[in-house]
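Okay, so the sequence shown: first residue is 14 according to the numbering used here, each after it adds one. The structure under discussion appears below in the form of structure tokens.
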Amino acid sequence: MLVLLPPSEGKASPGEGAPLQLESLSLPGLTDARRAVLAELVELCAGDEEKAREVLGLSEGLRGEVTKNAGLDTAAARPAGEIYTGVLYDALGLATLDAAAKRRAAGSLLVFSGLWGAVRVTDRIPSYRCSMGVKLPGLGALGAHWRAPMAEVLPAAAGDGLVLDLRSSAYAAAWKPKGEVAGRTATVRVLHAPTRKVVSHFNKATKGRMVRGLLTADATPEHPAELVAVLRELGYVVEAQAPEKAGRAWSLDVLVEEIH
14 MLVLLPPSEG KASPGEGAPL QLESLSLPGL TDARRAVLAE LVELCAGDEE
64 KAREVLGLSE GLRGEVTKNA GLDTAAARPA GEIYTGVLYD ALGLATLDAA
114 AKRRAAGSLL VFSGLWGAVR VTDRIPSYRC SMGVKLPGLG ALGAHWRAPM
164 AEVLPAAAGD GLVLDLRSSA YAAAWKPKGE VAGRTATVRV LHAPTRKVVS
214 HFNKATKGRM VRGLLTADAT PEHPAELVAV LRELGYVVEA QAPEKAGRAW
264 SLDVLVEEIH
């Protein structure tokens, strides 16, 4: 099973540690594309601070993120699972998983990123600020920048098992499973059952708890229909819609009564 996750805007400071080694990251087929984004981002943020803030969509209060990005080449790096914070990752609680569940997380979780493309939770990265919605002056829109290298690399990473897609729309734009891979992909929405609306906080929290439940249960569904059965066994209310045509993903709605 491959689980596709969005990153978090908020990121923990790695403190002290060895700097990033770009060639050591998983999915080496993305290295050249990563190097291009990293180089332009560092150059942008080391230059005109106001221009960098405008390009990155940062408020005055986040001015320090520009300085952080300017030093990415030498900044301390830590496993991505320790860098990403926020509602989804708090609910997922990687640090509190048992050893077996941590091993499963290392092999199955893939976090999408405007800067790195996608990384495993064990990949060592520095804290940074660069969303997939950014349009760099040289490279252009990052979602478009990543499409070709992702199309080359991700099908192999998906293997022949289930792909559970929990990404937000901005990150989903970087890679859309196609063909046979799409047929074993499940996209998930979390809806407030009484209103049938998506609410950001509990959407993220529920997805985090869902992934944690799958990891701790050592669940290995190989197809979206099997995933539906597993989630229902874990206590979730799930509505599933199989694709009407080949080459499209399944759509799952997880219904939640309480917003928390």
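Don't be surprised by glycine CBs; every beta carbon is placed ideally from N, CA and C.
- At a Cβ-Cβ threshold of 8 Å, R91 and R142 do not count as neighbours.
- Per DSSP, T98 lies in no beta strand (DSSP E) segment and is marked neither H nor E.
- Secondary-structure assignment with DSSP links K148 through a beta bridge to A154.
- Around G23, the same chain offers T98 and G99 as residues with beta carbons nearer than 7 Å, after the five sequence neighbours per side are excluded.
- For the pair of segments examined, the region 160–169 was found not to touch the region 77–88: the number of CB pairs separated by less than 8 Å stays below three.
- Around S26, the same chain offers S140 as residues with beta carbons nearer than 6 Å, after the five sequence neighbours per side are excluded.
- Following the DSSP letters along the chain, one finds V16 inside the beta strand (DSSP E) bounded by residues L15 to L18.
- At least 8 Å separates the beta-carbon of L228 from that of L123.
- In the structure shown, the three-state DSSP call for H236 is coil.
- In the three-state reduction of the DSSP assignment, D266 falls in the strand class, which pools E and B.
- Per DSSP, the unbroken alpha helix (DSSP H) holding V79 starts and ends at G77 to A83.
- Distances from the CA of T219 to each of H205, D231, A232 and R209 were compared; the closest alpha carbon is that of H205.
- In this structure, L265 places its C-beta atom within 8 Å of the C-beta atom of T200.
- Under the Cβ criterion (8 Å, minimum of three pairs), the region 143–156 does not count as touching the region 106–113.
- Comparing C-alpha distances from P256 to each of G221, L268, V267 and T198 shows the shortest one belongs to T198.
- The Cβ-Cβ distance between L155 and V50 falls below 8 Å.
- Around the Cβ of H214, a 10 Å sphere holds fewer than 16 other Cβ atoms; the residue is exposed.
- When the beta-carbon positions are compared, L177 and M14 come within less than 8 Å of each other.
- DSSP places D136 outside any beta strand (DSSP E), giving it a letter other than H or E.
- Beta-bridge pairing by DSSP links S126 to G130.
- With fewer than 16 other Cβ atoms inside 10 Å of its own Cβ, K258 counts as exposed.
- For L128, the closest of K189, A112, R76 and L35 by C-alpha to C-alpha distance is L35.
- Under the three-state reduction of DSSP, D231 is assigned to coil, being neither helix nor strand.
- Rounded to the nearest angstrom, the gap between the Cα atoms of G260 and G42 is 24 Å.
- Minimum Cα-Cα distance from L167 among the listed residues S21, K115, L40 and A262 corresponds to L40.
- Going by DSSP, A253 is part of the beta strand (DSSP E) stretching over V250 to Q254.
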